[in-house]
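Peer 1: Please find one structure pasted underneath; my questions will follow.
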Amino acid sequence: MMLVHWGNTNTKHKNSTTAYWADNWDDIPLDKRGNHPCFDPRKDLVLPAWKEPNPGAIWLKLWARPRNNRTTLFYFNGNLGSAYEGGRPEDTYSMGIRQKLAAEFGSTPNKQGRLGRQHAADVTVTYLRTEKYYEELASSVFCGVLPGDGWSGRMEDSMLQGCIPVIIQDGIFLPYENVLNYNSFAVRIQEDDIPGLISTLRGINDTQVEFMLGNVRQMWQRFFYRDSILLEAQRQKKLFSEEAPWSVEVSKLPDDDDVFATFIQVDLVLHYKLYNDPWRQDFLQTKDTRLPNICSRTS
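Right under this line is the structure:
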């Protein structure tokens, strides 16, 4: 089992998925790096990214905010590429996905002063940073989960603020996606279907939306490193003889399963599913590691 943050199966995006040159491996010869996906959903696991605890968000219990307090239909805030001030200049940034989203639904003018082709009053797609980022997520029903230079942490942002994740990254798994029923709390949109995104979201009936929001509220702590944070709080208290504000709020959270507890559970489940789920056989991968024969099991 490999534990990763980036579950790229290479079923669509077969090259390096970062525009950051220092991390890009496209120019490394095949005989040096091998030819195989970084992630095998039959046996590997994507873990949530670490998110620094925000005392205000925890105190306000943003994950529990009800539907009637979520007035924005869809929300995404982040770098949108070269069409916007301060945007990343590379066409390959985010594999072009954020750029496509902004071209359709951008709610902030680009360098030419234009909004997205299908901009709407209840849709926010912006590059403008805000100190109320977490509150704006918690004021939204659906939140975009799009890559940056590889994984971006937007899945965790959505879950921790009680927002239904809308995933747009073909062939790339999110945390626990090969074990959990993502259809019960998230929406996947194919990259080619971005123009129909908002129509798709408006077409989800209220009962289903409430069901998905309820599931997000039930499992958000599985995307949060609560126990690790509390251990760090104990260490700092012993070292500095004072308790950090964030640790006080985290200690008040229910004793539900967090990332580590979920990993232990999933490890057992995944071992069983590896040999019993028929769909996993469809992901059978032939690894060309370019290792000498003496290093191969079959040699």
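Each step along the sequence shown adds one to the number in full-length UniProt numbering, with nothing skipped, and position 110 is 110.
Just so it is clear, CB atoms sit at the ideal spot from N, CA and C, and this is done for glycine as well.
#1: Within 10 angstroms of the Cβ of P48, are there 16 or more other Cβ atoms? Answer buried if so, exposed if not.
#2: Is the Cβ-Cβ distance between D255 and F224 less than 8 Å?
#3: How long is the line joining the alpha carbons of I167 and G144, rounded to whole angstroms?
#4: For N178, which residues does DSSP report across the bridge?
#5: For G87, tell me which candidate among I97, P66, Y127 and Y75 has the shortest Cα-Cα distance.
#6: Does the beta-carbon of T207 have 16 or more other beta-carbons within 10 angstroms, so that it is buried, or is it exposed?
#7: I believe E249 touches P55 by the beta-carbon criterion, under 8 Å. Please report the beta-carbon distance rounded to the nearest angstrom.
#8: For the region 154-165 and the region 29-43, state whether three or more C-beta atom pairs, one from each stretch, are separated by less than 8 Å.
#9: Can you give, in chain order, each stretch of the alpha helix (DSSP H) that sits fully within the region 49-92 and has at least 4 residues?
#10: In angstroms with no decimal places, state the Cα-to-Cα distance between N69 and P195.
#11: Between R297 and R42, what straight-line distance do the alpha-carbon atoms span, to the nearest angstrom?
#12: Tell me the rounded alpha-carbon separation between W25 and R65.
#13: Just verifying my parser: in three-state terms, what is the DSSP assignment at N10?
#14: Can you confirm whether G150, when its beta carbon is compared against all beta carbons of chain C, has any partner nearer than 8 Å?
#15: Can the beta-carbon of G148 be found less than 8 Å from the beta-carbon of K12?
#16: Assess, as a yes-or-no matter, whether the region 233-252 is touched by the region 180-197 under the definition of 3 or more beta carbon pairs within less than 8 Å.
#17: So, using beta-carbon positions, are F39 and I198 closer together than 8 Å?
#18: Reducing DSSP to helix, strand and coil, say where I97 ends up.
#19: Roughly how many angstroms lie between the CA atoms of A83 and K111, to the nearest whole one?
#20: Out of curiosity, what's the CA-to-CA distance linking C295 and M2?
#21: Would DSSP call N110 helix, strand or coil?
#22: State the Cα-Cα distance for the pair G106 and D27, rounded to the nearest angstrom.
#23: Closest to I97 by C-alpha separation, out of F76, G113 and V209, would be which residue?
#24: Tell me, which residues are paired with G148 by DSSP?
#25: Do you know whose CA, among P89, R222, T72 and P37, lies nearest Q265's CA?
#26: Distance check for Q236 and T200, CA to CA, integer angstroms please.
#27: Pull up the CB-CB distance for Q118 and E104, whole angstroms please, since I reckon it's below 8 Å.
#28: If you count every other CB in all the chains shown that lies within 10 Å of the CB of T130, and 16 or more means buried, which is it?
Peer 2: Taking the coordinates as given:
#1: Here residue 48 is taken as the residue at index 48 of the sequence shown, counted from 1. Answer is buried; the Cβ neighbour count reaches 16.
#2: On the sequence shown, residue 255 is found 255 positions in, with the first residue counted as 1. On the sequence shown, residue 224 is found 224 positions in, with the first residue counted as 1. Going by C-beta atoms, D255 is not nearer than 8 Å to F224.
#3: Here the question's residue 167 lines up with position 167 in the sequence shown. Here the question's residue 144 lines up with position 144 in the sequence shown. Taking the straight line from one Cα to the other gives about 6 Å.
#4: Indexing the sequence shown from 1 puts residue 178 at position 178. None, per the DSSP bridge assignment.
#5: In the sequence shown, counting from the first residue as 1, residue 87 sits at position 87. The candidate whose alpha carbon is nearest that of G87 is Y127.
#6: Position 207 of the sequence shown holds residue 207. T207 is exposed by the Cβ-count criterion.
#7: Mapped onto the sequence shown, residue 249 falls at position 249. Mapped onto the sequence shown, residue 55 falls at position 55. Going by Cβ atoms, the distance from E249 to P55 rounds to 5 Å, so yes, they are a contact pair.
#8: no
#9: 55-59
#10: On the sequence shown, residue 69 is found 69 positions in, with the first residue counted as 1. On the sequence shown, residue 195 is found 195 positions in, with the first residue counted as 1. Taking the straight line joining both Cα atoms gives about 27 Å.
#11: On the sequence shown, position 297 is the one that residue 297 refers to. On the sequence shown, position 42 is the one that residue 42 refers to. Because the pLDDT of R297 is 45, which lies under 50, any placement of that residue in the model is unreliable, and the number read from its coordinates should be weighed accordingly. If you take the alpha carbons of R297 and R42, they lie about 19 Å apart.
#12: Here residue 25 refers to the residue found at position 25 of the sequence shown. Here residue 65 refers to the residue found at position 65 of the sequence shown. Distance between the alpha carbons of W25 and R65: 42 Å.
#13: Translated into the one-based positions of the sequence shown, residue 10 becomes position 10. If DSSP states are grouped into helix, strand and coil, N10 belongs with coil.
#14: No chain C is part of this structure, which consists of one protein chain only.
#15: Translated into positions along the sequence shown, residue 148 becomes position 148. Translated into positions along the sequence shown, residue 12 becomes position 12. Against a cut-off of 8 Å, the Cβ pair of K12 and G148 comes out as no contact.
#16: no
#17: Locating residue 39 in the sequence shown gives position 39, where the first residue counts as 1. Locating residue 198 in the sequence shown gives position 198, where the first residue counts as 1. No, Cβ-Cβ distance for F39 and I198 is not below 8 Å.
#18: Within the sequence shown, the letter at position 97 stands for residue 97. Correct three-state label for I97: helix.
#19: Within the sequence shown, numbered from 1, the residue matching residue 83 stands at position 83. Within the sequence shown, numbered from 1, the residue matching residue 111 stands at position 111. Going by the C-alpha atoms only, they are around 6 Å apart.
#20: In the sequence shown, the residue the question calls residue 295 occupies position 295. In the sequence shown, the residue the question calls residue 2 occupies position 2. Here the model assigns C295 a pLDDT of 45, short of 50, so the residue's position is not dependable and the matter cannot be decided.
#21: Stepping through the sequence shown from its first residue, residue 110 is reached at position 110. Correct three-state label for N110: coil.
#22: One-based indexing of the sequence shown puts residue 106 at position 106. One-based indexing of the sequence shown puts residue 27 at position 27. The alpha-carbon atoms of G106 and D27 are separated by roughly 34 Å.
#23: One-based indexing of the sequence shown puts residue 97 at position 97. The residue with the shortest Cα to Cα distance from I97 is F76.
#24: Here residue 148 is taken as the residue at index 148 of the sequence shown, counted from 1. Its beta-bridge partners are G150.
#25: Position 265 of the sequence shown, counted from the first residue, corresponds to residue 265. It is R222.
#26: For the purposes of this step, residue 200 is identified with residue 200 of the sequence shown, where counting begins at 1. For the purposes of this step, residue 236 is identified with residue 236 of the sequence shown, where counting begins at 1. Taking the straight line joining both Cα atoms gives about 47 Å.
#27: Along the sequence shown, one-based indexing puts residue 118 at 118. Along the sequence shown, one-based indexing puts residue 104 at 104. Indeed, because the Cβ distance is near 5 Å, the residues count as touching under 8 Å.
#28: Here residue 130 is taken as the residue at index 130 of the sequence shown, counted from 1. Counting Cβ neighbours within 10 Å, T130 comes out exposed, since fewer than 16 surround it.
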